[in-house]
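Residue numbers (numbering that gives the first Met the number 0): 0 to 383.
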Amino acid sequence: MNPRSAVIVAYGRSACCRARKGHLADTHPIEYSAQVLQGVLAKVPQLPHERIDDVILGCAMPVNQMDFNAARSVARRAGLPNSVPGQTINRFCSSSLQAIGTAANAILAGQMDCVIAGGTEAMSMCFHQPQEEYKDKLLDEQDIGIYMSMGETAERIAERYHISRREMEEMAVESHRRAHEAQVNGKLAPSIIPVTNVHGEKITEDEGIRPGTNMETLAGLKPCFRENGLVTAATSSQTTDASAFAIVMASDPAEELGIRPLARFISFAVAGCEAQVMGLGPIYAVPKAMARAGLTVDDMDVIELNEAFASQAIACMRELKLPPEKVNPYGGAMALGHPMGATGVFLTGKALDYLQDTGGRYALVTMCIGGGMGAAGIFEYLGS
Ligand SMILES: CC(C)(COP(=O)(O)OP(=O)(O)OC[C@H]1O[C@@H](n2cnc3c(N)ncnc32)[C@H](O)[C@@H]1OP(=O)(O)O)[C@@H](O)C(=O)NCCC(=O)NCCS
């Protein structure tokens, strides 16, 4: 029995801004990531920054502006002392959930006491499809889907699971409805750290939500990934610029410093699956995380299942028997966006906010991962 607990003591994120069309499109991601990190650190003024053992930053496309170990750049840009190191990690769409898992593991192993776990994706500047000249030819021929566009994997799941376009669009309408309701009722605001963009504008609200989304409009949209396909822009996650951070600590030093734990890390699991249907990843990861936790899906009070695409989210909900009312109660990525590397911490914070609002106890955070994987994390909200 391990007497150490890994606890989340603070978290926050930037608003989710539309890639290329939104308010962070031309602001350097190191700049807005640093602002978010400063905002999260400000929530625990009792924490001396010298006590931070590492900054782990998830990023699915650590290129261009996010190159050269962005974790270290963000740490320095945020004003952390030179003694605080940084590592950038990549497990595609689960990168910052992986950052929390890695931080918790280091804490539970007794190697670290305080770790910043976060993620940033600058999809305006750093997102690209795999380029032909860089592909490994043999792998490309033999492993169907390893370099496939994510949209095509969503089409294949719709085919395999006989999911209709109408069913996907119903999910998109509900995602926007819930996100809008949450936004109007101030449920999304508490996690948002205002950031100032390169034009001096203060960004405080998620930009992707379309309150008027309805079945008639969605039926008129053209498929995005196949000429006669089913998947449209509305039934895909939006491309997004955003950053999110959580502070993960061992419970003893947190108590010693007078820092109140908000949630306990319970378990984390990753699993692989066929790359051409990568969206099914949660079907394999969730049972592993549940078994390690000794819990079941029925024990969960909220489930954040990333809506990379409606087709894969529907297939995962069917296979895992997830009750729709518990899944993404504040809307999902079709409405709010999916800033890939930041999504894990963004969804964890969203789940914890929901538990705070409703008095629930357990949260499951799960997502599919390009290349054919799934990740799942389970947290216990410790009450306010
Ligand atoms: C699908 C994709 C290519 C669409 O890109 P896009 O054209 O820039 O998408 P947008 O969200 O800007 O939507 C395009 C248009 O569709 C229409 N539209 C989209 N959602 C809509 C909605 N809910 N209601 C009404 N119209 C909608 C609008 O006309 C919109 O144009 P506008 O913004 O000028 O009004 C892109 O979102 C994508 O690649 N998503 C997946 C990202 C990904 O693979 N992530 C990793 C997952 S594993």
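Note that CB positions come from ideal geometry on N, CA and C, so glycine has one too. In this text the structure is predicted, and so the values were computed from the model without any measurement.
Counting only the same chain and skipping the five closest in sequence on each side, list residues whose C-beta sits under 6 Å from that of residue 124. Sequence index remark: in the sequence shown, residue 124 carries index 125 (1-based). Within the same chain, residue 124 has close Cβ partners 63, 64.
Would you give the residue range spanned by the beta strand (DSSP E) that residue 12 belongs to? Position 13 of the sequence shown holds residue 12. Bounds of the beta strand (DSSP E) holding residue 12 are 5-12.
Short of 8 Å in beta carbon distance, which residues of its chain neighbour residue 208, apart from the five on each side in sequence? Order them along the chain. Position 209 of the sequence shown holds residue 208. Within the same chain, and ignoring the five residues on either side of residue 208 in sequence, the residues whose Cβ sits closer than 8 Å to its Cβ are 175, 178, 179, 182, 330, 334, 335.
Pairwise C-alpha distance: residue 84 and residue 75: By one-based count along the sequence shown, residue 75 stands at place 76. By one-based count along the sequence shown, residue 84 stands at place 85. The C-alpha of residue 75 lies about 9 Å from the C-alpha of residue 84.
Taking only runs of the alpha helix (DSSP H) that begin and end inside the region 279-315, which ones reach a length of at least 4 residues, in chain order? The qualifying runs are 280-292.
Alpha carbons only, please: which of 111, 73, 16, 3 is nearest the one belonging to residue 51? Position 52 of the sequence shown holds residue 51. Ranking 111, 73, 16, 3 by Cα distance to residue 51 puts 111 first.
I need the straight-line Cα distance from residue 88 to residue 119, nearest angstrom please. Here residue 88 refers to the residue found at position 89 of the sequence shown. Here residue 119 refers to the residue found at position 120 of the sequence shown. Cα to Cα, residue 88 sits roughly 11 Å from residue 119.
Could you check whether the Cβ of residue 228 sits closer than 8 Å to any heavy atom belonging to ligand 1? Translated into positions along the sequence shown, residue 228 becomes position 229. Not so, every heavy atom of ligand 1 lies at least 8 Å from the Cβ.
Through-space distance from residue 122 to residue 272, alpha-carbon basis: By one-based count along the sequence shown, residue 272 stands at place 273. By one-based count along the sequence shown, residue 122 stands at place 123. Using only the alpha carbons, I get a separation of about 25 Å.
On the CB-based measure, 16 or more other CB atoms within 10 Å of its CB, does residue 226 come out buried or exposed? By 1-based counting over the sequence shown, the position of residue 226 is 227. Exposed: under 16 other Cβ atoms inside 10 Å.
To the nearest angstrom, report how far apart residue 232 and residue 220 are at their CA atoms. Numbered from 1 along the sequence shown, position 233 holds the residue referred to as residue 232. Numbered from 1 along the sequence shown, position 221 holds the residue referred to as residue 220. So the alpha carbons of these two residues sit roughly 8 Å apart.
Look up residue 139 in the DSSP assignment and say whether it is helix, strand or coil. In the sequence shown, the residue the question calls residue 139 occupies position 140. Note: residue 139 maps to helix in three-state DSSP.
Ligand 1 heavy atom lying under 8 Å from the CB of residue 371: Counted from its first residue, the sequence shown places residue 371 at position 372. With a cut-off of 8 Å, the C-beta of residue 371 is classified as distant from ligand 1, since no heavy atom of the ligand falls inside that distance.
Run through DSSP, which three-state label would residue 351 get? The sequence position of residue 351 within the sequence shown is 352, counting from 1. Here residue 351 sits in helix by DSSP.
So residue 145 and residue 278 are in contact, right, with Cβ under 8 Å, and what is the actual spacing, rounded? Here residue 145 is taken as the residue at index 146 of the sequence shown, counted from 1. Here residue 278 is taken as the residue at index 279 of the sequence shown, counted from 1. With a Cβ gap of about 15 Å, residue 145 and residue 278 do not count as contacting.
Just to confirm before moving on: does the CB-CB distance between residue 77 and residue 99 stay below 9 Å? The residue given as residue 77 occupies position 78 in the sequence shown. The residue given as residue 99 occupies position 100 in the sequence shown. Not closer than 9 Å, so no.
Please decide whether residue 228 counts as near chain D, where near means a Cβ-Cβ distance under 9 Å. Looking for chain D here will not work: only one protein chain is present.
Considering only DSSP beta bridges, list what residue 86 is partnered with. Along the sequence shown, read from residue 1 onward, the residue named residue 86 stands at position 87. Paired residues: 55.
At least 3 beta-carbon pairs within less than 8 Å: the region 292-301 vs the region 156-170: Touching, no, given that fewer than three Cβ pairs across the two stretches are closer than 8 Å.
Exposed unless 16 or more other CB atoms sit within 10 angstroms - verdict on residue 133: Here the question's residue 133 lines up with position 134 in the sequence shown. Residue 133 sits exposed, since fewer than 16 C-beta atoms from the chains shown fall within 10 Å of its C-beta.
Taking the alpha helix (DSSP H) that residue 167 belongs to, which residues open and close that run? Indexing the sequence shown from 1 puts residue 167 at position 168. 164-183 is the span of the alpha helix (DSSP H), which, as asked, contains residue 167.
Do three or more CB pairs link the region 7-16 to the region 336-346 at distances below 8 Å? Contact between the region 7-16 and the region 336-346 is present: three or more C-beta pairs spanning the two stretches fall below 8 Å.
With a cut-off of 8 Å on the beta carbons, I'd call residue 160 and residue 332 a contact; round off their distance for me. Taking the first residue of the sequence shown as position 1, residue 160 is located at position 161. Taking the first residue of the sequence shown as position 1, residue 332 is located at position 333. Taking 8 Å as the upper bound for CB-CB distance, residue 160 and residue 332 are not in contact here, some 19 Å apart.
Is residue 267 near ligand 1 - that is, is its Cβ less than 8 Å away from at least one heavy atom of it? Reading the sequence shown from its first residue, position 268 is the one you call residue 267. Not under cutoff, so the answer is no.
Any heavy atom of ligand 1 closer than 8 Å to the Cβ of residue 150? Taking the sequence shown and counting its residues from 1, the one referred to as residue 150 is at position 151. Distances from the CB of residue 150 to the heavy atoms of ligand 1 include at least one below 8 Å.
May I ask which residues mark the beginning and end of the alpha helix (DSSP H) holding residue 197? Taking the first residue of the sequence shown as position 1, residue 197 is located at position 198. Premise fails: residue 197 is in no alpha helix (DSSP H) and is neither H nor E.
Rounded straight-line distance, which links the Cα of residue 328 to that of residue 312: Stepping through the sequence shown from its first residue, residue 312 is reached at position 313. Stepping through the sequence shown from its first residue, residue 328 is reached at position 329. Whole-angstrom Cα-Cα distance: 14 Å.
Going by Cα to Cα distance, which pick from 136, 325, 248, 259 is closest to residue 108? Here residue 108 is taken as the residue at index 109 of the sequence shown, counted from 1. Minimum Cα distance to residue 108 is reached at 248.
Evaluate contact between the region 188-208 and the region 360-376, counting only Cβ atoms and requiring at least three cross-stretch pairs below 8 Å. These segments do not touch.
Assign residue 379 to one of two classes, buried (16 or more other C-beta atoms within 10 Å of its C-beta) or exposed (fewer than that). For the purposes of this step, residue 379 is taken as the residue at position 380 of the sequence shown. Buried: at least 16 other Cβ atoms inside 10 Å.
Tell me whether residue 76, by its Cβ, gets closer than 8 Å to a heavy atom of ligand 1. Within the sequence shown, numbered from 1, the residue matching residue 76 stands at position 77. In this structure, ligand 1 has no non-hydrogen atom nearer than 8 Å to the beta-carbon of residue 76.
Any heavy atom of ligand 1 within a distance shorter than 8 Å of the CB on residue 207? One-based indexing of the sequence shown puts residue 207 at position 208. Checking the Cβ of residue 207 against ligand 1 gives yes.
Can you look up residue 120 in the DSSP assignment and give me helix, strand or coil? The sequence position of residue 120 within the sequence shown is 121, counting from 1. In the three-state DSSP reduction, residue 120 falls in the strand class (E or B).
Excluding the 5 residues preceding and the 5 following residue 113 in the sequence, name in chain order all residues of the same chain whose CB lies nearer than 6 Å to its CB. Translated into the one-based positions of the sequence shown, residue 113 becomes position 114. Close CB contacts of residue 113 within its chain, under the 6 Å cut and outside five residues either way in sequence, are with 50, 51, 52, 248 (chain order).
Nonlocal neighbours in the same chain, by C-beta distance under 7 Å from residue 91, ignoring five residues either side: Translated into positions along the sequence shown, residue 91 becomes position 92. Closer than 7 Å at the Cβ level, and outside the excluded window around residue 91, lie 59, 339, 368, 369, 370.
Can you tell me whether residue 157 is helix, strand or coil according to DSSP? Mapped onto the sequence shown, residue 157 falls at position 158. In this structure, DSSP gives residue 157 a helical state, which the three-state scheme calls helix.
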